[in-house]
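What follows is a short report on a single structure.
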Amino acid sequence: MSPLLANALIWHVLLGLLGIIAFVGFSLLTAKREWNTKWLRIYSLTGTLAFLISWISGGYYYSAYYGKTVKPLILAGSYPWIHKVIMETKEHIFLFLPFLAFVAFIVVTGGKEKFKNEKLRQAITGLCLLVITLGLAITLSGIAISGAVTKRP
Amino acid sequence: MISVDKQLKTISGSLKSATLTVLFIGIITIAAELVPELKNWLKVTFTHHWIGKSILSLGLFMTASLLFSVSPGKMDVDKITSQLRILIIMTVVSSFAIIGFFIFEAFFTSLY
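Protein sequence lines, in the order shown, are assigned to chains B and D. Counting along the first sequence from 1, when you hit position 130 you're at 130 in my numbering, and nothing is skipped either side. Numbers in my numbering are just positions in the second sequence, counted from 1, shifted up by 153.
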C-alpha cells in the first residue's frame, strides 16, 4: 500500500470518528434546557466537514485499492460475508452521513425562536442520535472488515 | 437579514431533498445489484459504481434542495418537525432495506 493510500485510509477513519464526536457534542448540547445555537452550529458544521472529507478520502482508498487488493483476500478467507454483507452495507449507508449532518447544520442556523418548540427540539435530537448510531455502526463494521483481511499464503 | 419564512423554506428544502436522497441511495444500491447493466453503466460513466452513486446522490441533493426551497407555499415549525421525523424514518427504512438485501443476497440466493 502506498503512503498516499495509507494516509487516505487513516484520515478516512480519523475524520469519521471526528464527525461522530462532533455529533456527540451536539447531542450533549441538545440535552440542555437552553440551547446554545452558536455551538450547535459549530459542532454540526465540524461533523459535516469531517464526514465530507472522510467520504472523499475513504472513497479514494476504496476505489483505488480495496476492490483489487483487499476484497479478494476477504472473499477467500474464513468470513466472506464480512465483505458481502458488512462492507457492502457500510459503503452505502456511509453515504447518508454527510447529508444528515448537513441537514442538522441547516436546521440549527437562523433564528432561535423555533427552538422554543419542544417537538422540534426532540426531532433534532433524534436526527443527531441517528447520525451517532449510524456512525458507530459504520465504525464497528470497519473494525470487522479490517479483522477479516487475511494475508496471502 | 433573511426572513423567517425564507429560513424555514431553506430548512424544509434541505430536509425534503435529504429524504429523497437517502431513498435514492437505497434504491440505486439494490437496483445496481439486481440489474448488472445499471452497475456497469455507473462503472463506465464514473470509473467506479460507488463513485457514481456518490456523485448522483450529491447532484440530486443539491438540485432538489434548490428546487424545494423556492417552491410556493408557507412553511412553519410544525411542518419542519414533521419533515424531520419523516427523514429519520426514511433513513432507518433505507438502512434496513440495504442491509436486508445484502443479507438475503449473501445467504439465501445460493439456494436458487
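Where is the CB? At the ideal position from N, CA and C, for every residue including glycine.
One thing to note: isoleucine 74(B) has its Cβ no nearer than 8 Å to the Cβ of leucine 15(B).
In the three-state scheme derived from DSSP, where H, G and I count as helix and E and B as strand, aspartate 229(D) is classed as coil. Taken through DSSP and simplified to helix, strand or coil, asparagine 193(D) comes out as helix. Taking a Cβ-Cβ threshold of 9 Å, the residues of chain B close to valine 157(D) are Gly110, Gly111, Glu113, Lys114, in chain order. Glutamate 88(B) is positioned such that its CB atom lies closer than 8 Å to that of phenylalanine 255(D).
With a minimum length of 4 residues, the unbroken runs of alpha helix (DSSP H) contained wholly in the stretch 95-152 of chain B fall at 96-107, 118-148.
For the options Asn7(B), Phe23(B), Ala148(B), Pro3(B), the alpha carbon positioned closest to that of tryptophan 81(B) is the one of Ala148(B). In the three-state DSSP reduction, asparagine 7(B) falls in the helix class (H, G or I).
Secondary structure note for arginine 41(B): its alpha helix (DSSP H) is the uninterrupted segment 37-61. For leucine 195(D), there are no neighbours in chain B by C-beta distance under 9 Å, as the nearest C-beta there is about 12 Å away. Taking all protein chains shown into account, proline 98(B) has 16 or more neighbouring C-beta atoms within 10 Å of its C-beta and is therefore buried. Leaving aside the five residues that flank serine 210(D) on each side, the residues in its chain whose CB is nearer than 7 Å to its CB run, in chain order, Thr174, Phe177, Ile178. Here arginine 121(B) has Thr30, Trp35, Phe115 as same chain residues with Cβ atoms under 8 Å from its own Cβ, once five neighbours each way along the sequence are excluded.
Flagged as an interface residue toward chain D: leucine 95(B), by a C-beta distance shorter than 8 Å. For phenylalanine 102(B), the nearest CB of chain D lies under 8 Å from its own CB, placing it at the interface with that chain.
Interface with chain B (8 Å Cβ-Cβ cutoff): valine 188(D) is excluded.
Distance from the Cα of glycine 47(B) is smallest, within the candidate group Gly126(B), Val103(B), Ser141(B), Ala123(B), for Val103(B). If you check the CB distance, alanine 123(B) and glycine 19(B) do not come in under 8 Å. If you ignore the 5 residues before and after histidine 83(B), its C-beta comes within less than 7 Å of the C-beta of Lys71, Ile74, Leu75, all in its own chain and listed in chain order. Burial check for methionine 1(B): the Cβ neighbour count within 10 Å stays below 16, so the residue is exposed.
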